[in-house]
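Residue numbers (this note's numbering): 32 to 504.
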């Protein structure tokens, strides 16, 4: 469906803030997760540079029934930024300012288009950092992280992005500008609109500024890896370490297949064995936590446990972990990752979900790499299939689906950090129940009654492609 977006030419926008060019529209038709399967061309791409621009664009678009889909770095994995109904792709990357910085309060105000690592670089001279950056923090934006409530390798110690957002400036579908939250460390004032908008994937409002909390950099950092005989041993060791409350900042599972993929892609020399990558942060007493972790791992048959202050060795490990998404795509020319699995389960169930992935991979004779932010129960997996082989495609879909369903049965979630987007809509109701999804729809309708903002996301659809709307009781 196409939309007449010529009205944008009448708004107070500079010539370079608006494009109808095919090349620009093509570059906003997909995100990282949909590049292989194809996306949807927007009818126009707009580059707002200030909150007033966003407000004017949304007000005009809503009046004319034109959809608006927020877009930033395009690093999402579930089609979150794909303009599913066409209309306007609202590219927020020019809103990348550091608006205000208050190191004494451990706070910074930033635009949604700023890259995550740029925040860390700005505050580093004061010994501060933004702890919840995801693995893609050097290529993804703060606005995108807020939209999906992203999290990363340090979640086990520091929590997810939502835990570090104090307040937001955002624009509703009708152009109304709202401010949520407070610069105070806590507030009991009114509805928690900040947490409502974080993770809403641009379906309720467009974030135009965020107040982030910062943390002091730890004085002691040690990192390394542990090598195990079996993947199950590694998963059991992680589960016990977390339940014992070992003070670890990063604890990542990497199976042998993932290690081989990383080696081929980066020319590395990781052992062909299940591993746990570790990093400890402390201001004092770090050796005690490392020794406790070592003792727990020895109880699960660890073959090798190496932790040191060698920054180069740590950097190599974390590079291998960060690049796994690209390594998967380049492992076998005829095979493609089917879907980016992103389940999270209670930590006591972590070994079981790891076993389930490998059981299904063996049962259906598929390569399924298995890795993740294990300390918070997160597991990434993706069946590799030949997209031109219907039988292999069907087996891959089955493996992917059954892992998600099993994670939900365990009390977990279909997505720990990527968001629902387009790819996981059918799991929203099985996870939350019909009543909760109806409540979500009511919130959506209250804030965006015309369905302007990022339509075609989050909610299940009918066969006709329209969002399901149950009658009010």
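We put the beta carbon where it would ideally sit given N, CA and C, even for glycine.
| Is it true that the region 71–78 meets the region 49–60, where meeting means three or more beta-carbon pairs spaced less than 8 Å apart? | yes
| request: Count the other CB atoms, across all protein chains shown, that sit within 10 Å of the CB of residue 353; report buried if there are 16 or more and exposed otherwise. | output: For the purposes of this step, residue 353 is taken as the residue at position 322 of the chain shown. Answer is buried; the Cβ neighbour count reaches 16.
| said: Considering just the uninterrupted stretch of the beta strand (DSSP E) at residue 131, what are its terminal residues? | reply: The count along the chain shown starts at 1 and reaches residue 131 at position 100. Element bounds for residue 131: 129–133.
| Inter-stretch contact (C-beta, 8 Å, three-pair minimum) for the region 236–246 and the region 371–388 | no
| query | When the Cα of residue 381 is compared with those of 475, 467, 316 and 443, which residue comes out closest? | reply | Taking the first residue of the chain shown as position 1, residue 381 is located at position 350. Ranking 475, 467, 316 and 443 by Cα distance to residue 381 puts 443 first.
| query | Name the DSSP beta bridge partners of residue 401, please? | reply | Within the chain shown, numbered from 1, the residue matching residue 401 stands at position 370. In DSSP, residue 401 forms a bridge with 412.
| residue 494 by DSSP, collapsed to three states: which one? | In the chain shown, the residue the question calls residue 494 occupies position 463. Residue confidence is low: residue 494 scores 49 on pLDDT, short of 50, so the model does not pin down where it sits. No coordinate-derived value is stated.
| said: Threshold first: 3 residues or longer. Then list the beta strand (DSSP E) segments lying entirely within the region 238–274, N to C. | reply: 251–259
| task | Mind reading off the beta-carbon distance from residue 218 to residue 449? Whole number of angstroms is fine, and I expect it under 8 Å. | result | Residue numbering aside, residue 218 sits at position 187 when the chain shown is read from its first letter. Residue numbering aside, residue 449 sits at position 418 when the chain shown is read from its first letter. Going by Cβ atoms, the distance from residue 218 to residue 449 rounds to 29 Å, so no, they are not a contact pair.
| said: If distances are taken between C-alpha atoms only, which option among 323, 124, 397 and 285 comes closest to residue 260? | reply: Locating residue 260 in the chain shown gives position 229, where the first residue counts as 1. Here the closest residue by C-alpha is 285.
| query | In whole angstroms, what separates the C-alpha of residue 434 from that of residue 366? | reply | As a working mapping, residue 434 is identified with position 403 in the chain shown. As a working mapping, residue 366 is identified with position 335 in the chain shown. Answer to the nearest angstrom: the Cα atoms are 20 Å apart.
| Contact set for residue 293: own chain, Cβ-Cβ below 7 Å, skip 5 residues either direction | Looking up residue 293 in the chain shown gives position 262. Closer than 7 Å at the Cβ level, and outside the excluded window around residue 293, lie 299, 301, 351, 354, 355 and 358.
| query | Going by alpha carbons, who is nearest to residue 297 out of 362, 46 and 488? | reply | The residue given as residue 297 occupies position 266 in the chain shown. Of the candidates 362, 46 and 488, the one whose C-alpha sits nearest the C-alpha of residue 297 is 362.
| query | On the premise that residue 441 lies in contact with residue 383, defined as a C-beta separation below 8 Å, what is that separation, rounded to the nearest angstrom? | reply | What you label residue 383 is simply residue 352 of the chain shown in a count that begins at 1. What you label residue 441 is simply residue 410 of the chain shown in a count that begins at 1. Between residue 441 and residue 383 the Cβ distance is about 7 Å, and since that is below 8 Å, they are a contact.
| If you run the structure through DSSP and keep just helix, strand and coil, what is residue 423? | Looking up residue 423 in the chain shown gives position 392. Of the three classes helix, strand and coil, the one that applies to residue 423 here is helix, per DSSP.
| field | beta strand (DSSP E) runs wholly inside the region 186–236, at least 3 long, in chain order | value | 196–202 and 208–212
| task | Between the Cα of residue 201 and those of 123, 240 and 168, spot the shortest distance and give me the residue it belongs to. | result | Working through the chain shown from its first residue, we reach residue 201 at position 170. Nearest C-alpha to residue 201: 240.
| query | Cα-Cα, which of 185, 470, 388 and 315 is closest to residue 415? | reply | Counting from one through the chain shown, the residue named residue 415 turns up at place 384. If we check each option's Cα against that of residue 415, 388 comes out closest.
| field | Straight-line gap, residue 462 to residue 175 (C-alpha atoms, nearest Å) | value | Taking the first residue of the chain shown as position 1, residue 462 is located at position 431. Taking the first residue of the chain shown as position 1, residue 175 is located at position 144. Between residue 462 and residue 175, the C-alpha separation is close to 23 Å.
| query | With burial defined as no fewer than 16 other Cβ atoms inside 10 Å of the residue's Cβ, what is the status of residue 409: buried or exposed? | reply | Along the chain shown, read from residue 1 onward, the residue named residue 409 stands at position 378. Burial call: buried.
| query | If you draw a straight line from the alpha carbon of residue 90 to that of residue 154, how long is it in whole angstroms? | reply | The residue labelled residue 90 in the question sits at position 59 within the chain shown. The residue labelled residue 154 in the question sits at position 123 within the chain shown. Taking the straight line from one Cα to the other gives about 36 Å.
| request: Please go through the same chain and pick out, in chain order, the residues whose beta-carbon is closer than 8 Å to the beta-carbon of residue 117, but skip the five residues on each side of it. | output: The residue you call residue 117 lines up with position 86 of the chain shown. Correct list, in chain order: 32, 33, 34, 71, 72, 73, 74 and 98.
| Nearest to residue 103 (by Cα), restricted to the options 281, 96 and 112 | In the chain shown, counting from the first residue as 1, residue 103 sits at position 72. For the residues 281, 96 and 112, the minimum Cα distance to residue 103 belongs to 112.
| said: One question on the structure: do residue 156 and residue 191 come within less than 7 Å of each other, judged by their Cβ atoms? | reply: One-based indexing of the chain shown puts residue 156 at position 125. One-based indexing of the chain shown puts residue 191 at position 160. Not in contact: residue 156 and residue 191 (Cβ atoms no closer than 7 Å).
| request: Would you mind sorting residue 457 into buried or exposed? The rule is 16 or more other CB atoms within 10 Å of its CB. | output: Within the chain shown, numbered from 1, the residue matching residue 457 stands at position 426. When all chains shown are included, residue 457 counts as exposed.
| query | Cβ of residue 426 within 6 Å of any heavy atom in the ligand FMN? | reply | With respect to small molecules bound, the structure shown includes none, and the ligand FMN cannot be examined in it.
| query | For residue 173 versus residue 145, is the C-beta spacing smaller than 7 Å? | reply | Here residue 173 corresponds to residue number 142 of the chain shown, with the count starting at 1. Here residue 145 corresponds to residue number 114 of the chain shown, with the count starting at 1. It is a contact, given that the beta carbons lie within the stated cut-off.
| request: State buried or exposed for residue 67, treating a residue as buried only when at least 16 other CB atoms are found within 10 Å of its CB. | output: For the purposes of this step, residue 67 is identified with residue 36 of the chain shown, where counting begins at 1. When all chains shown are included, residue 67 counts as exposed.
| said: Please list the terminal residues of the continuous beta strand (DSSP E) segment that includes residue 102. | reply: On the chain shown, position 71 is the one that residue 102 refers to. 99–102 is the extent of the beta strand (DSSP E) around residue 102.
| said: I need the boundaries of the alpha helix (DSSP H) containing residue 289, first residue and last residue. | reply: By 1-based counting over the chain shown, the position of residue 289 is 258. Start and end: 287–297.
| said: Please identify the residue among 167, 52 and 429 whose C-alpha is closest to the C-alpha of residue 395. | reply: As a position in the chain shown, residue 395 is number 364, starting the count at 1. It is 429 whose Cα lies nearest to the Cα of residue 395.
| request: Count the other C-beta atoms from every protein chain shown that fall within 10 angstroms of the C-beta of residue 474, then say buried if there are 16 or more, exposed otherwise. | output: Counted from its first residue, the chain shown places residue 474 at position 443. Looking at its Cβ environment, which holds fewer than 16 other Cβ atoms inside 10 Å, residue 474 is exposed.
| In the structure shown, what three-state DSSP assignment does residue 159 receive? | Looking up residue 159 in the chain shown gives position 128. Residue 159 falls in the strand class under three-state DSSP.
| task | Kindly indicate which three-state DSSP category residue 33 falls into: helix, strand or coil? | result | Position 2 of the chain shown, counting from 1, holds the residue named residue 33. Three-state result, residue 33: coil.
| query | So does the region 263–281 actually touch the region 319–330, counting three or more Cβ pairs closer than 8 Å? | reply | yes
| message | Checking the sheet assignment: what are the DSSP bridge partners for residue 312? | response | Locating residue 312 in the chain shown gives position 281, counting from the first residue. Answer is 252, bridged to residue 312.
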